[in-house]
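Colleague: Please see the structure below; I have some questions.
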Amino acid sequence: MTAISILLVLCYCSYAQIANPYGLKIINDRSEYLKSIYSDSNNRLVEIVKYEPDIKLDIRYATTNNFTGISVYEEARAFVRLPVALALKAVQKELNKKGLGLKIYDAYRPYAVTIKFFEISKDKNFVASPKTGSRHNRGCAVDLTLVNIRNGKELKMPTPFDSFKPEAHPDFTKLPQKIIANRAILTRVMKDNGFEVLYNEWWHFDFKDWKNYDLMDISFKQL
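Oh and the sequence shown: position 36 is 39 in the working numbering, straight run, nothing missing.
See below:
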C-alpha cells in the first residue's frame with residue numbers, strides 16, 4: 004500500500020477507538036492501524052504465506068480442533084508484523100537445508116480472542132490475561148512446529164499443540180531422545196533468527212522486538 008493510498012483511506016475511515024477497561028493501548032480502529040503503518044512500515048501485519056509460500060498452515064483456531072472446542076476465527080489465515088515474516092522466511096530457508104520446514108498453528112490474534120480464551124480456559128497459566136494482552140495480539144508471536152518437506156508429516160514433539168500438560172514445557176526432559184532432539188532443532192533455529200520460546204509451550208515463540216509493537220484488535224478482514 005502506497006503512502007497516498009493510506010492517506011486516502013484515513014480520510015474515509017471514521018471508526019472511533021474503543022477505550023480498554025484495563026487502560027491498555029490497543030489499536031482497534033483500522034484508521035489508527037493505517038496511521039501506524041504510515042509512520043513505520045514495520046507495523047504492517049502481513050500474511051506469512053505471501054512472504055514464504057512453502058510454510059505450511061494448520062490454523063487450529065479456525066477449526067474445532069483446539070482447546071476451546073469451537074472455531075474462533077472466520078478464516079484460516081496467519082498474519083505477523085513485517086520483520087517477523089522476514090525472520091520466519093529466514094528460518095524456513097535454514098530448515099530447508101535439512102529437509103525440514105515450518106507449519107504454523109497460530110500467529111496474530113485479535114485482542115477480543117484473547118478475552119474469549121481467558122473466559123473459556125480453566126487453566127489460566129496457559130492463556131494470556133486480558134489485563135496485559137498477548138504477544139500474539141501484537142503480531143509478534145507464532146505457534147508452530149516442524150514438518151518433513153518431502154512428505155509433509157510433522158516431526159514428533161513432546162505434546163500436541165495446545166496441550167496443558169507438564170510435557171509441553173520446553174525444558175521437560177523425561178522424553179524419548181528423538182523427541183528432545185526434534186524440539187531442540189526447532190528451538191535453536193528460532194532463537195538463531197530472533198525468537199524466544201515461551202516457558203511453558205514448546206510451540207510458542209515470541210519475536211525479540213515485540214515490545215515495539217502495539218496490541219491490536221483488528222479482524223483479519225480489516226487487514
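From the three backbone atoms N, C-alpha and C, an ideal C-beta is built for every residue, glycine too.
Just so you know, these numbers come straight off a predicted model, no measurement behind them.
#1: Using a Cβ-Cβ cut-off of 6 Å (strictly less than) and excluding sequence neighbours within five positions of Glu78, which residues of its own chain qualify?
#2: When burial is assigned at 16 or more other CB atoms within 10 Å of the CB, is Asn140 buried or exposed?
#3: Rounded to whole angstroms, what is the Cα-Cα separation between Val87 and Ile51?
#4: With DSSP as the reference, please indicate the residues paired to Asp209 in a beta bridge.
#5: Between which two residues does the alpha helix (DSSP H) holding Ile282 run?
#6: Just the C-alpha distance for Val192 and Arg80, rounded to the nearest angstrom, thanks.
#7: So what does DSSP say about Tyr108, is it helix, strand or coil?
#8: Would you mind reading off the limits of the alpha helix (DSSP H) that contains Glu35?
#9: Taking only the alpha-carbon atoms, compute the straight-line gap between Ile221 and Asp32 and give it to the nearest angstrom.
#10: Under 8 Å by Cβ, that's how I've got Ile188 and Leu226 pegged, so tell me the actual separation to the nearest angstrom.
#11: Using the Cβ count rule (16 or more neighbours within 10 Å means buried), how would you classify Pro161?
#12: To the nearest angstrom, how far is the alpha carbon of Glu157 from that of Asn151?
#13: Taking the CB atoms as reference points, tell me whether Arg63 and Asp165 lie closer together than 8 Å.
#14: Do you know how far the Cα of Lys96 is from the Cα of Ala171?
#15: If you draw a straight line from the C-alpha of Ile46 to the C-alpha of Thr66, how long is it?
Modeller: In short, the structure shows the following:
#1: Phe223
#2: buried
#3: 9 Å
#4: Ala144, Glu199
#5: Not covered by the structure: residue 282. The range shown for the chain is 4 to 226.
#6: 23 Å
#7: strand
#8: 33 to 42
#9: 7 Å
#10: Going by Cβ atoms, the distance from Ile188 to Leu226 rounds to 31 Å, so no, they are not a contact pair.
#11: buried
#12: 6 Å
#13: yes
#14: 26 Å
#15: As written in the sequence, residue 46 is Asn, which differs from the Ile given in the question. Approximately 28 Å between the Cα atoms of the pair.
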